[in-house]
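Visitor: With the UniProt record's numbering applied, the sequence shown covers 1 to 264.
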Amino acid sequence: MKALIHGVTVGYSDQGDGTPLVFIHAFPLSKTMWQPQVDALKNTYRVITIDLGGHGESDIVTWNDSLDHYAKDIIHLLDHLGIGQGVFVGLSMGGYTLFSIYRHYADRVKAMVFADTRAQGDSEEGKAGRGSMAQVAFTDGAPAIADLMLPKLLAPSTIERHSEIVKQVRQMILQTSTAGIVVDLVAMAARPDSTNLLSTITCPTLIIVGEDDVATPISESQYMAQRITGSILVTIPKAGHLSNLEQPAAFNEALRSFLTTHRL
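(1) With C-beta atoms as the reference, is residue 268 less than 7 Å away from H76?
(2) Exposed or buried, T200, counting other C-beta atoms within 10 Å across all chains shown (16 or more means buried)?
(3) By DSSP, does V169 sit in helix, in strand, or in coil?
(4) On the three-pair Cβ rule with 8 Å, is the stretch 31-48 touching the stretch 11-21?
(5) Could you tell me which of F88, S177, V169 and Q15 sits nearest to G53, measuring between CA atoms?
(6) Run through the stretch 64-107 for me and flag every whole alpha helix (DSSP H) of 4 or more residues, listed as ranges in chain order.
(7) Looking at the unbroken alpha helix (DSSP H) that takes in I159, where does it start and where does it end?
(8) If you run the structure through DSSP and keep just helix, strand and coil, what is V186?
(9) Kindly indicate which residue of G230, L259 and V214 has the alpha-carbon position closest to the one of A239.
(10) Note down, in chain order, each residue of its chain lying with its Cβ closer than 7 Å to the Cβ of Q120, except the 5 sequence neighbours on either side.
(11) Measure the C-alpha to C-alpha separation of Q135 and V61 and round it to an integer number of angstroms.
(12) Could you pull out every residue in the same chain whose Cβ sits closer than 7 Å to the Cβ of M172, ignoring the five residues on either side in sequence?
(13) Hey, how far is the Cα of E220 from the Cα of L150?
(14) Tell me which same chain residues have a C-beta within less than 7 Å of the C-beta of Q222, skipping the five on either side of it?
(15) Do the CB positions of L148 and D116 come within less than 7 Å of each other?
(16) Would you grab the beta carbon distance between K72 and V87 for me? Rounded to a whole angstrom, and I think it's under 8 Å.
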């Protein structure tokens with residue numbers, strides 16, 4: 001589906017009925033990364049996925065250079081769909097964006113799921129790394145970014161044994177515009193530290209992390225879980241950074257259990 005919102009074309013999917021579940025994708029992918037969750041949950045919930053600007057079917061807005069802009073785009077889509085509150089699921093960059101949603105639109109958040117993400121802002125070294133990657137994207141395009149990112153996104157066991165997942169993730173990256181990749185990197189480098197938000201979170205919160213995630217190690221998820229009162233931490237075995245794609249059954253079970261426990 002596509003919608004024209006504030007003059008910008010936004011790609012999204014909207015399937016099922018019930019409590020809205022809003023899925024926010026990782027860098028540098030698209031809404032299609034959530035297909036295993038859409039398939040598993042659409043018969044019980046209203047499942048919404050969105051392409052952030054420059055990804056998938058959404059237009060690039062080059063001046064949207066902060067995660068606050070992505071957060072606003074998501075809220076505008078929910079307004080367009082007539083949705084007041086939802087359960088938000090963000091993985092990696094999607095998790096960073098979810099912090100922005102909670103910071104500015106807490107009244108729209110019924111519950112949150114942070115997957116393979118962290119609350120801390122980038123270190124100076126991290127910002128420099130994003131700058132270098134942006135230069136690679138500008139010079140060599142999405143194929144070079146795919147080569148750099150695949151070992152960070154997927155566990156070694158996934159790369160070795162599941163070529164279909166490797167192919168799927170590579171294809172998503174290749175379909176992302178170079179401008180979209182650069183804007184993502186600028187936005188992530190500029191994001192504020194969100195550790196001060198953790199103790200203020202009062203809604204039901206689930207934290208999921210792949211056991212073999214090298215991009216955001218388990219310690220990052222433990223840090224969040226220790227500071228969000230009542231939160232639940234689930235570690236997914238044999239999964240890297242894209243735990244929802246690498247081990248969808250375990251990811252979906254963690255999500256279902258959380259939603260059922262809190263009667264969402």
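Think of the CB as a built atom: it goes at the ideal place given N, C-alpha and C, for glycine as much as any other residue.
In this text, all values refer to a predicted model and were calculated from it rather than measured experimentally.
Guide: From the atom records:
(1) A question about residue 268 goes unanswered here, because the residues of the chain that appear run from 1 up to 264.
(2) exposed
(3) Under the three-state reduction of DSSP, V169 is assigned to helix.
(4) They touch, by the three-pair rule.
(5) S177
(6) 67-80 and 93-105
(7) Per DSSP, I159 is one residue of the alpha helix (DSSP H) stretching across P156 to R161.
(8) helix
(9) V214
(10) D193 and T195
(11) 19 Å
(12) L29, S30, T32 and M33
(13) 21 Å
(14) L233
(15) no
(16) Not quite, the Cβ-Cβ distance comes to about 19 Å (not below 8 Å), so this is no contact.
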